[in-house]
Structures are given as structure tokens and as C-alpha cells.
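Start counting the sequence shown at 1; every next residue gets the next number (the UniProt record's numbering).
Encoded as C-alpha cells, the structure appears first; notes follow it.
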Amino acid sequence: MTRTVQICPVGFEFDRVIEGVKQHSCNIIYLLKSVKPTKKESHPNKKLIEIADTFVEKLKKHFLNTKICEPIVKETNVITLEKTVEELCKIIKNEVEIEKTEEIWINISTSTKLFASASMYVGAFYPKIIKLFYLDARHYTVNLLLEDIDKEIITKKFQDFGISYKKDENSYKSITVPTYTMVALKDYKKIIITTLKKMIDKTGQETVSFMNLLRELGEKENDKKIKVRYGHHIAFLKKRNWVFEKNEGRQNYYGLTPGGRILSIIHTYLKEEAT
């Protein structure tokens with residue numbers, strides 16, 4: 001049987017998760033939830049996380065009982081775009097490289113904008129395997145944070161039902177989100193961008209000198225041919241706005257733009273574009 005996977009961050013609706021599986025069948029579903037704060041930790045969204053945690057358990061029980069697919073509950077600490085991309089890459093790497101999964105659906109219906117953005121980046125790397133979708137509802141769930149609603153009443157409704165105002169047959173329509181194809185960097189360009197990130201993260205500095213970069217790569221920093229070769233590849237990365245340059249005296253320093261950091265994370269975990 002071909003392994004088909006769905007990834008779904010759990011929000012405050014059962015409907016969109018369950019309906020997503022009905023419309024895009026899968027063998028495995030990753031139910032992503034936030035890392036639950038400890039009793040000692042103070043977290044502004046602690047109550048929401050606790051409610052979402054109960055939702056995950058109910059969904060897990062539902063899938064186990066119905067045997068529609070195998071649920072895998074995974075805690076994620078997705079507080080930045082970089083971290084979210086990294087968490088997704090870890091799942092995708094295992095599925096594509098180890099499990100040889102040929103189809104991965106990512107349900108962004110109940111996700112944050114951060115997760116949806118990260119999914120677009122990662123989905124662009126494997127466009128033939130990864131498909132994004134959301135369920136367009138005719139009726140929207142009441143937002144827990146609306147000012148004019150009694151918090152206890154609406155919280156109770158979420159805990160008990162996790163549904164929209166009104167539920168009709170065929171209430172949800174699946175919309176596939178198009179992604180562009182990301183051309184994977186190869187050879188020197190890939191090595192440069194991933195090495196820059198590793199060095200920057202290690203030193204805590206914004207940039208790395210050209211000479212130190214060459215040393216890290218095991219190259220002779222005084223070899224003119226090597227300098228020209230790497231300079232050519234860096235110029236390409238600069239043109240794409242993935243790398244920026246600073247000049248101090250006679251030294252050139254290079255750093256990664258926000259887009260360059262995202263790209264370096266993807267290339268650190270994932271292989272070349274799947275064919």
C-alpha cells in the first residue's frame with residue numbers, strides 16, 4: 001500500500017481536521033500541538049494550549065476508533081518562522097527519505113499564519129509530493145477572544161464540541177493552495193549558504209569574513225582561483241537576496257538575509273528537489 005501522509009496543526013475545530021482526512025485520504029496523520037507549559041511555567045496562552053491539548057486527544061481517539069488512519073501526535077514549539085520551517089523539515093525528511101512517502105497533504109485550515117507561511121516554503125521544495133489545502137467553511141467558528149462573548153460559555157462550547165455556528169452537509173470545500181517550485185541550490189552555492197548559517201549560529205555574529213569562510217570550507221584562502229570561484233557563487237546568492245555583504249577595510253564579510261536563513265534550513269535537512 002502506498003504511504004500517504006497528512007500533516008495538520010490542531011486548532012479549535014474538529015470539523016476541519018476530520019473533513020480534511022475525508023477529502024484527502026491518508027494512512028498517517030500527524031496531529032501537531034504546541035508544547036504544553038509545565039505547572040511552574042507562566043504562559044499567556046496556557047489555557048488555550050490546554051484546551052487544544054484535549055482536542056488532540058479526542059481527535060487521536062476518533063482516528064484510532066474509526067481506523068481511518070493512524071494518528072501520530074507530535075509536540076512542536078513553533079514560535080518563529082525559522083523554527084516552524086525546521087520542525088516541518090524534520091517531518092518531511094523522515095517521510096520522503098526514510099519512509100519513501102509519495103504524497104503529503106498539509107492541512108492549513110486551522111493553522112497560524114506562521115505555520116501556513118512555513119508550509120509554503122517547504123512545499124515549494126517538493127512540489128510533486130507536498131500539497132497544501134484548506135477547507136473553506138460556509139460558517140465560521142466563534143473566535144474565543146471576541147470581546148462581547150462570555151469567555152466561560154464559549155470555552156465550554158469549544159471543549160464539548162469544537163464546531164462552527166452551524167453545520168450542514170457538505171459545509172466544507174477543499175481548496176488546494178498552489179505553490180511555486182523552488183530550484184534547489186547545488187554544489188558550491190548550497191555549501192556556502194549552509195556553512196554560513198552554521199558559522200553565524202555558532203559565533204552569534206551577524207556576518208562571517210570571506211577568509212574565515214574559506215578556512216571553514218577547507219580551502220586555501222590565498223589561492224586566487226579559489227577566491228574567484230567562491231566569489232562568483234556568492235555574487236549569485238547576493239543577486240537573489242539570500243546573502244548580503246559588508247566591507248570593513250580590505251575585508252569582505254557575508255551574512256544571510258531572512259530569506260537566506262530559511263533557505264539554508266531547508267537545504268540543511270532536505271535533499272535536492274524530488275523528481
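Ideal placement from N, C-alpha and C gives every residue a C-beta, glycine not left out.
Self-check item: Where Phe14 falls: helix, strand or coil (DSSP)
Solution: Coil, per DSSP.
Quiz item: Using 8 Å as the threshold, is the segment 8-27 in touch with the segment 106-119, meaning 3 or more CB pairs across them?
Solution: yes
Quiz prompt | Run of the alpha helix (DSSP H) containing Cys26, from where it starts to where it stops | solution = Neither: Cys26 is in no alpha helix (DSSP H) and is coded neither H nor E.
Quiz item: Between which two residues does the alpha helix (DSSP H) carrying Leu270 extend?
Solution: Counting along the chain, Leu270 falls outside any alpha helix (DSSP H), and DSSP gives it neither H nor E.
Quiz item: Can you check whether the CB of Thr181 is closer than 9 Å to the CB of His267?
Solution: For His267 and Thr181, no; Cβs fall outside 9 Å.
Self-check item: First and last residue of the uninterrupted beta strand (DSSP E) at Ile192
Solution: For Ile192, there is no enclosing beta strand (DSSP E); the enclosing alpha helix (DSSP H) covers residues 187-203.
Practice problem: Assign Arg229 to buried or exposed, taking buried as 16 or more other Cβ atoms, counted over all protein chains shown, within 10 Å of its Cβ. | Solution: exposed
Exercise. Check whether the Cβ atoms of Ser25 and Cys69 sit closer than 9 Å, and answer yes or no.
Key: One thing to note: Ser25 has its Cβ within 9 Å of the Cβ of Cys69.
Quiz item: Between which two residues does the beta strand (DSSP E) carrying Cys89 extend?
Solution: That residue, Cys89, is in no beta strand (DSSP E); its alpha helix (DSSP H) goes 81-93.
Quiz prompt | For Gly231 and Glu84, the rounded distance between their alpha carbons | solution = Here residue 84 turns out to be Thr, not Glu, going by the sequence shown. Those two C-alpha atoms are separated by around 31 Å.
Quiz item: Where Lys93 and Ile29 are concerned, what is the direct C-alpha to C-alpha distance, given to the nearest angstrom?
Solution: 16 Å
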